[in-house]
Structure formats: structure tokens, C-alpha cells
Amino acid sequence: MKKIYYIKCLLLVALTGMVSCGPSPKKVVAQTWLNTNNITTYYSPKFFNELMEKKAKNNITVYKDGAVTKGTAVAYVQQYVIATIDENLKKVEGLSAKGDNKELIEASLEVFRYSKDVFENEYLDIAKMIDEEKPSEEIMSAIDDLFAKHDGEMQIRFDRLDSYTIPYAEKHNIPIIK
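As C-alpha cells, this is what we get:
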């Protein structure tokens, strides 16, 4: 009987230890900071230039029912941009914010949520214009307006994220290259 009690106590202590441990600092940096590279990859006029080129060549592909198929610019943005940002946002939301990672996680959430809003609104609007084959001058004007409107806010959010990430990474001996 004492043996069973002893085993139960050990299991309880082990489970308590696993539950109370938060994510590793490397995981926090990877999910809060490194995954923002998906945002910076898509948040660029170059993204739209490439999308318009694909549209002109009738070469926009998306996955549908497990197979690659021809798609629209809207479907492309939804599948490759918005879905990726949603996935990364959920990873950050799932992190346990406590101790010295709290501000870092909050700053990352700001970056992901702000960019998600841009992608779900202006990006889809411009993708729709591409699908409707609006004049390229009109599309380019919308692209210029988007970046003129959001570049400052995006930079503020990324700078804030960097201001928490770099000291956090240094404190935990995680090498990062800015």
C-alpha cells in the first residue's frame, strides 16, 4: 500500500512540475519574434507585384480538397497569407505569459493582430481588384495607399517587439541576428 502511495506522490509531483513549467525561452522567441518573418515576407509591395504577375500568367494555385488547383488572388491571400498569420497568432496566444516574457508576448500579439487586420481587409480588397482585372494604375494606387497608411504603425509595433525580444534573448543566451 505504501508503494502505491509513493508512486502516486511521485506522479503528482512530476505532473505538477510539467504543468507549472512555462514554455522554454527559445520557444517564446521562436513563436513571438521569429514567426513574424511571415508578416514581413507578405507585407511588401513585392508580394502584390508577384501576385499580379501570377494572375497575368494564369498561374495562381491554391489547395482545394487536398489537391493543387487554379485559384483566385483572394483565395491565394486567404490560404497563404491569412491562414499562416492565424496559425502563428494562435501559437503566440497559446504561450503562457508570465514573468519576463509577458511584455514580449503582448508586443508580439500586437504585431500579429494589427497585421492580420491589414491582411484581412486591405489585402483582400486589393486581391479582389486583381481578380476583377481592374486597371493596374488603380491597383498600384491602392497598394501605395495601403503602405502609406500602415508602414508607420507596423514599424512602431515591430520596434516595440524588438525592444522586448533582444534583451529577453540576451538574458536567456539565445543568439539572434537583427
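First residue of the sequence shown? That's 0 in numbering that gives the first Met the number 0, and the numbers climb one at a time after it. Beta carbons: idealized from backbone N, C-alpha and C, even for Gly.
Q: List the residues that DSSP assigns as beta-bridge partners of V67.
A: The sequence position of residue 67 within the sequence shown is 68, counting from 1. As DSSP reads the structure, V67 sits in a beta bridge with Y62.
Q: Compute the Euclidean distance between the alpha carbons of K53 and N36, then round it to the nearest angstrom.
A: Reading the sequence shown from its first residue, position 54 is the one you call residue 53. Reading the sequence shown from its first residue, position 37 is the one you call residue 36. Taking the straight line from one Cα to the other gives about 22 Å.
Q: Pull up the distance between the alpha-carbon of F118 and that of V80, whole angstroms please.
A: Mapped onto the sequence shown, residue 118 falls at position 119. Mapped onto the sequence shown, residue 80 falls at position 81. Approximately 7 Å between the Cα atoms of the pair.
Q. Using 8 Å as the threshold, is the stretch 89-108 in touch with the stretch 23-33, meaning 3 or more CB pairs across them?
A. They touch, by the three-pair rule.
(Q) Extract the residue ranges of the beta strand (DSSP E) inside the stretch 66-139, only unbroken runs of 3 or more that lie entirely within it. (A) The stretch 66-139 contains these whole beta strand (DSSP E) runs: 66-69.
Q: Express the C-alpha separation of G21 and D130 in angstroms, rounding to a whole number.
A: Counting from one through the sequence shown, the residue named residue 130 turns up at place 131. Counting from one through the sequence shown, the residue named residue 21 turns up at place 22. Computed Cα separation, rounded: 45 Å.
(Q) Assuming contact is defined by CB atoms lying nearer than 9 Å, are A126 and V76 in contact in what I supplied? (A) As a first step, residue 126 must be located in the sequence shown, where it is residue number 127. As a first step, residue 76 must be located in the sequence shown, where it is residue number 77. V76 is positioned such that its CB atom lies closer than 9 Å to that of A126.
Q: Pick helix, strand or coil for H149, following the three-state DSSP scheme.
A: Along the sequence shown, read from residue 1 onward, the residue named residue 149 stands at position 150. Taken through DSSP and simplified to helix, strand or coil, H149 comes out as helix.
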